[in-house]
Each structure stands twice: as C-alpha cells, then as structure tokens.
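Structure first, then comments.
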Amino acid sequence: MIFRPLLAGATLSERLVASVGAMIAIALTIVVCAGLPLAMADLPIIVAPLGASAVLVFAVPASPLAQPWPVVGGNVISTLVGVAVFNTVPDTTIAAGVAVGAAILVMSLCRCLHPPGGAAALTAVIGSQGIHAAGYAFAFAPVGINSIALVSIAMFVHRATARNYPHEPIVAPPAPGPSRFDPSDLDAALADMHESFDIARDDLDALLAHAERHAMIRSAGRAAADRRP
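Set out below in structure tokens:
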C-alpha cells in the first residue's frame with residue numbers, strides 16, 4: 000500500500016521513460032547552454048529549478064502545470080518578480096517570502112502557474128552575487144534559455160516515444176446511449192468540492208466520458224447476460 004503509485008494511470012514503464020527522458024533533457028540543456036558566456040558573469044549554466052521543471056514535463060506531461068507556456072513563462076516571470084522584490088525589499092527574509100508569494104499571484108494571473116517558478120523567484124533573492132549583479136537579465140539567461148531548451152528537447156523526446164506533448168485532450172468516443180452527465184454538472188461538482196486539481200478541465204471531462212462509456216458497456220453486457228435462458 001505504501002508504494003502504490005500516487006498518480007492515477009502511473010505505470011513503471013511510464014516512469015522509466017520519464018526518467019530516461021529527464022536525464023537526456025537535462026544533459027542536452029547543459030550542452031546547449033554551455034556555449035553561453037555565463038561562467039564569466041559568475042552565473043550557472045543551468046538553474047536548479049529546471050530539475051523540478053523536468054520532473055513535471057516528463058513525469059506528468061499531461062499536467063496543466065507542465066505545458067510549454069507554464070514552464071517558460073512561469074520560470075521567467077517568477078525570476079523577474081524575484082529580482083524586482085530583491086531590489087525593493089531590503090530584508091532578505093521578508094524578500095524571500097514576498098518573492099514566492101508574489102510569483103504565485105503573477106503566474107496565476109498570466110495563466111502560467113508552474114511550481115518550480117517559486118524556486119526561481121527564491122533563487123533571484125538568495126542567489127549569488129553574480130545573480131544579483133545580473134539583475135533582470137538573469138531571467139532570460141540562463142533561466143529563459145534553460146526553459147526554452149528543456150521544452151524543445153521534451154517535445155522531441157515525447158514525440159519519439161509516442162507521447163502527447165504539448166498535451167491535447169483525447170476526445171472520448173460517444174457512449175452507447177444517452178449521456179447522464181452534462182458539462183454543467185462537472186462545473187457544479189468542482190464548485191461543490193472547493194478544491195483545485197492538477198488536471199485540465201477538458202481532460203477531466205474526457206475522463207468522465209470514458210468512464211461513463213465503459214459503465215454503459217458493462218451494464219449492457221450484464222443485461223444481455225441476464226436475458227439469456
């Protein structure tokens with residue numbers, strides 16, 4: 000029970016593909032960015048939040064938080080927020096908290112919520128002197144270039160392994176009978192639960208449609224079996 004997959008639909012083979020894909024993507028991102036004059040400016044070739052981005056992009060590629068715009072926009076925008084907070088809030092302790100909180104708000108408003116963005120904002124506050132000296136440019140090199148390289152490599156790796164990235168919801172085939180659910184029912188259920196879920200609204204709709212279709216097929220098979228002499 001302890002080691003059961005936490006995510007619905009997770010399999011060992013999927014995790015192996017994710018692990019290999021992340022290894023390739025991080026290594027190639029470093030290779031791509033190694034030619035930039037970052038070392039001379041005392042900046043890292045790759046930023047630590049990108050490791051968390053790789054986990055999302057390869058382990059949960061269907062997540063709304065792992066799509067290209069959240070990865071690139073979330074990391075870059077959050078870094079800009081972190082730099083702005085560092086330049087305006089003199090106390091590092093307060094600045095660290097404000098940077099992460101403000102990054103969440105700005106990412107949400109820009110529709111690019113990405114958890115590693117919080118780490119990117121924090122890095123801009125508590126990073127090295129080289130990061131502080133780079134100022135807003137740090138958000139674009141290396142953070143922006145790292146993020147674009149990761150997303151580009153991820154697109155290639157996912158397509159090479161027949162995975163869907165950037166993710167597009169798979170439309171469920173029609174159920175064999177009248178549907179019991181209306182999209183408004185799903186919206187009402189989400190409103191009742193007062194929770195945010197790491198799944199796109201269209202994916203949730205498709206998942207319920209698939210489940211309803213299987214339930215109707217099972218019920219039809221059971222009814223047919225009951226009618227047999």
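At position 127 of the sequence shown the residue is numbered 126 (numbering that gives the first Met the number 0), and the sequence of numbers has no breaks. All residues carry an ideal CB built from backbone N, CA and C; glycine is no exception.
inquiry  = Quick check on this structure: which residue in Leu-42, Arg-212, Thr-28 has the alpha carbon closest to the alpha carbon of Tyr-135?
reply    = Leu-42
query = What do you get for Leu-108, buried or exposed, if any count of 16 or more other CB atoms within 10 angstroms of its CB means buried?
reply = Per the 10 Å Cβ criterion, exposed.
message = Pop quiz: Asp-201 and Pro-168 are said to be a contact at Cβ under 8 Å. What is the actual Cβ separation, rounded to whole angstroms?
response = A Cβ-Cβ separation of about 4 Å places Asp-201 in contact with Pro-168 under the 8 Å criterion.
request  = Please determine if the region 151-164 and the region 88-100 are in contact, where contact requires at least 3 C-beta pairs separated by less than 8 Å.
outcome  = no
inquiry  = With H, G and I counted as helix, E and B as strand and the rest as coil, what does DSSP make of Ile-44?
reply    = Taken through DSSP and simplified to helix, strand or coil, Ile-44 comes out as coil.
inquiry  = Using 7 Å as the threshold, is the C-beta distance between Leu-55 and Leu-49 below it?
reply    = no
key: Cβ separation of Val-46 and Ala-119, assumed to be a contact under 8 Å, to the nearest whole Å   = 7 Å
ask   = Mapping DSSP to helix, strand and coil, what is Tyr-135?
value = Three-state DSSP puts Tyr-135 in a helix.
request  = Pair every Cβ in the region 150-160 with every Cβ in the region 94-113, then say whether three or more of these pairs are closer than 8 Å.
outcome  = No, the region 150-160 is not in contact with the region 94-113.
request  = Select from Ser-18, Ala-133, Ala-9 the residue whose C-alpha is nearest the C-alpha of Leu-79.
outcome  = Of the candidates Ser-18, Ala-133, Ala-9, the one whose C-alpha sits nearest the C-alpha of Leu-79 is Ala-133.
task = Quick one: using the 10 Å Cβ neighbour count with 16 as the cut-off for buried, is His-113 buried or exposed?
result = buried
ask   = How should Gln-267 be labelled, buried or exposed, when 16 other C-beta atoms within 10 angstroms of its C-beta is the threshold for buried?
value = Because the chain spans 0 through 228 in this model, residue 267 falls outside it and cannot be assessed.
Complete alpha helix (DSSP H) runs within the region 86-125 (minimum length 4 residues, chain order) = 91-108, 115-125
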